[in-house]
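Novice:
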Amino acid sequence: MSKNLLILISLLSLTFTTEIYFGNVDQNSGTADILYSTTELIGGFQFEFTGGTISGASGGEASNAGFTVNTSASTILGFSFSAANLVVGNGLTLTTIEFTPDEGATQFCLNDVVLSDTGGETLTFDLGPCAEALQFDCNGDLGGTAELDECGVCQGNGIIQDCGCGAPG
Numbered sequence: 021m022s023k024n025l026l027i028l029i030s031l032l033s034l035t036f037t038t039e040i041y042f043g044n045v046d047q048n049s050g051t052a053d054i055l056y057s058t059t060e061l062i063g064g065f066q067f068e069f070t071g072g073t074i075s076g077a078s079g080g081e082a083s084n085a086g087f088t089v090n091t092s093a094s095t096i097l098g099f100s101f102s103a104a105n106l107v108v109g110n111g112l113t114l115t116t117i118e119f120t121p122d123e124g125a126t127q128f129c130l131n132d133v134v135l136s137d138t139g140g141e142t143l144t145f146d147l148g149p150c151a152e153a154l155q156f157d158c159n160g161d162l163g164g165t166a167e168l169d170e171c172g173v174c175q176g177n178g179i180i181q182d183c184g185c186g187a188p189g
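The working numbering applies: residue 21 is where the sequence shown begins, and numbers increase by one.
1) Between S75 and F87, how many whole angstroms is the CB-CB distance? I'm expecting something under 8 angstroms.
2) Measuring only the C-alpha atoms, how far is F128 from A77?
3) For I40 versus V133, is the C-beta distance shorter than 8 angstroms?
4) Do you know whose CA, among I117, C158, G172, A85, lies nearest T70's CA?
5) Give the DSSP-derived three-state secondary structure of E141 in the structure shown.
6) Measure how close the beta-carbons of V45 and A151 come, nearest whole angstrom, since I'm counting them as under 8 angstroms.
7) By how many angstroms is the C-alpha of I179 removed from the C-alpha of L130?
8) If you compare alpha carbons, which of E81, G148, D146 is closest to G64?
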């Protein structure tokens, strides 16, 4: 009997899950889609965003549900005054963040995430990994592959015939 109960509890925990994670992150346009998958009704959310400065958030299922979404430089808060819920589903866009990447940031992360139901009870969830931040190469291309050679020239040929940088023949 207890073995069957344990199996049932395990199956229910797999059935009722929620996950929040990054979708498309476009540093050139300064946007990041925050996605979610859930089998539970979500009535509110709050999280910190690191790796950039938030200038706004819009769209997604939060907008479709009529949520009020407020942002600060690093925090996003979404809720409904009318007790609306986000739709249940997989790979749905929660909202799209508008941001300016921090100089030298190596990744974008969601931290201190809180998801709640319409009664304000905290939901259990899984948090996806951070998103990799692209770096500028020596040509100033985001995500480019150009590198400085031994002489300090971007995409240069390096030291020619062991004569040294800038030294004649």
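Quick reminder that beta carbons are idealized off the backbone N, C-alpha and C, glycines included.
Specialist: With the given structure in hand:
1) Within the sequence shown, the letter at position 55 stands for residue 75. Within the sequence shown, the letter at position 67 stands for residue 87. That pair is no contact at about 18 angstroms.
2) Position 108 of the sequence shown, counting from 1, holds the residue named residue 128. Position 57 of the sequence shown, counting from 1, holds the residue named residue 77. Straight-line Cα distance between these residues: approximately 15 angstroms.
3) By 1-based counting over the sequence shown, the position of residue 40 is 20. By 1-based counting over the sequence shown, the position of residue 133 is 113. Cβ distance < 8 angstroms, so I40 and V133 count as in contact.
4) Taking the first residue of the sequence shown as 1, we reach residue 70 at position 50. Its Cα nearest to that of T70, the residue I117 stands out among I117, C158, G172, A85.
5) To locate residue 141, count along the sequence shown from 1; it is residue 121. It is coil, neither helix nor strand.
6) Counting from 1 along the sequence shown, the entry for residue 45 is found at position 25. Counting from 1 along the sequence shown, the entry for residue 151 is found at position 131. A Cβ-Cβ separation of about 5 angstroms places V45 in contact with A151 under the 8 angstroms criterion.
7) For the purposes of this step, residue 130 is identified with residue 110 of the sequence shown, where counting begins at 1. For the purposes of this step, residue 179 is identified with residue 159 of the sequence shown, where counting begins at 1. Annotation: L130 to I179 spans about 44 angstroms, alpha carbon to alpha carbon.
8) Position 44 of the sequence shown, counting from 1, holds the residue named residue 64. The residue with the shortest Cα to Cα distance from G64 is E81.
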